[in-house]
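Input: a single structure, listed below in structure tokens.
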Amino acid sequence: MLQGEDDILGLDSPTRANLQPAPTGLGGDATLQDAVRDLILTYHDLNPSTVPVLTDPPSPLQFLRHIARNTPFVVRSGASDYAACRKWSATYLSTVMQDPTYTGPTHYAQTQNDNLRHEYETLFSDVPASIPWARLALANTSPDAINFWLGNSHSTTALHKDNYENVYVQVLGRKHFVLLPPVEAPCVGERAVLAATYAPRRRKIQEEGGSDGCDDDVASKEDLFLQIDSPEEYVPFATWDPDFPKVNATPYSHLARPLRVTLEEGDVLYLPALWYHKVSQSCNDEGVCCAVNYWYDLDFSGGFWSTANFVRSVGLLSMRGGDGEKEKGEEGEKEKGEEGGNDTEGSAKVE
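Numbered by the working numbering, the letters in the sequence shown go through residues 6 to 356 in order.
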């Protein structure tokens with residue numbers, strides 16, 4: 006015989022009539038926005054306000070603990086024994102990477118397509134094929150991508166996140182990181198924007214049957230125009246800048262507590278998956294700043310990915326205010342993130 010509901014709870018009807026909803030700890034008049042605010046503030050109460058600094062590389066077990074907590078750290082001089090940190094200079098890079106004269110279009114030198122094992126493979130022997138403590142912690146997993154970054158003090162990467170466990174090695178110059186944890190997704194003013202590509206202006210003129218009258222050897226930023234991708238695709242993009250906190254602020258932006266850290270030559274940063282980060286840089290005396298990073302796949306099983314995505318979704322819904330705003334570009338975001346590396350490096354790319 007099936008037990009009655011009262012029997013299962015062990016309560017008689019009069020007692021059941023006096024039952025109340027379980028308390029949230031937020032007060033009887035709390036809203037969804039109050040719950041999001043409490044989530045962010047509770048995270049701040051329980052986590053450090055600075056990036057932990059290690060003097061020695063972590064053991065694989067120590068690294069696993071940081072992955073489990075999704076917390077960054079810096080190893081000062083953690084890569085000082087790498088050949089790249091001993092050998093690389095502007096002269097060395099020019100010599101090793103020199104090639105026959107090239108007359109085609111010049112591309113931005115910060116692609117994220119595993120370039121150190123492909124177009125810049127002449128430099129690959131100067132760095133480890135994998136980070137030892139990361140490889141062992143991740144069950145001998147090889148990096149999904151190893152990227153070479155070269156720029157100057159004018160280069161800044163806008164706030165974005167990646168679906169990768171990122172180990173970042175600073176070789177020349179300095180990098181300045183501003184970091185926000187996944188729980189602060191409601192702070193970043195994420196919007197759906199049209200994906201676009203910077204394309205050579207000559208292509209547009211040729212498609213229209215004209216001539217630009219310019220020498221093909223002349224290249225400048227004016228040679229590019231912004232072309233909306235076809236078919237149209239919307240991508241999520243963080244519009245809030247922690248360095249200009251009053252611009253494009255959300256109801257939660259003032260709660261953000263960005264972590265700031267500067268990498269010196271030879272330093273190593275562990276940047277956990279899904280952390281938002283903005284990156285700027287300072288050059289060395291040769292006017293160069295370069296780094297190498299290792300991307301290891303995020304494990305999408307367990308609760309982390311689902312929870313982070315839930316926090317993002319609830320934050321966005323709490324600011325929507327029931328206005329029926331149509332969502333753009335959210336279908337398939339997980340699938341694209343799993344395959345494609347960075348989630349919102351920017352809404353435009355260079356061909």
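Glycine is no exception: its CB is placed at the ideal position from the N, C-alpha and C atoms.
On a predicted model such as this, the values are computed, not experimentally measured, just so you know.
Annotation: the continuous alpha helix (DSSP H) that includes Asn314 extends over Phe309 to Arg325. In the DSSP annotation of this structure, the continuous segment of the beta strand (DSSP E) that includes Val273 starts and ends at Val273 to Leu276. When rounded, the separation of the alpha-carbon atoms in Arg91 and Ser85 is 7 Å.
The region 145 to 184 contains, as complete beta strand (DSSP E) runs of 3+ residues, the segments 150 to 156, 161 to 165 and 169 to 177 (chain order). DSSP lists Ala150 and Asn171 as the beta-bridge partner residues of Trp300.
Considering only Pro247, Lys251 and Leu98, the residue with the shortest C-alpha distance to Arg265 is Pro247. As computed with DSSP, Cys288 is found in no beta bridge at all.
By the beta-carbon neighbour count (other beta carbons within 10 angstroms, threshold 16), Phe249 is exposed. Beta-bridge partners assigned by DSSP to Phe242: Arg196. The Cβ-Cβ distance between Val172 and Val58 does not fall below 8 Å. Restricting attention to Asn152, Arg262 and Thr36, the CA atom closest to the CA of Asp50 is found in Arg262. Rounded to whole angstroms, the gap between the alpha carbons of Leu155 and Val198 is 27 Å. Of the residues Pro63, Glu195, Leu44 and Ala204, the one whose Cα lies closest to the Cα of Tyr281 is Glu195.
Contact check for Pro28 and Val56: beta-carbon distance about 36 Å, past the 8 Å limit, so the pair fails to qualify. Val79 is bridged by DSSP to Val58 and Leu274.
Thr267: member of the beta strand (DSSP E) spanning Leu264 to Leu268, first to last residue. In the structure shown, the three-state DSSP call for Tyr281 is strand.
Between the region 30 to 46 and the region 119 to 131 there are fewer than three C-beta pairs closer than 8 Å, too few to call the two in contact.
Taking every protein chain shown into account, the CB of His165 has 16 or more other CB atoms within 10 angstroms, so this residue is buried. By the Cβ test, the region 298 to 312 is not in contact with the region 233 to 248, since fewer than three Cβ pairs between them sit closer than 8 Å.
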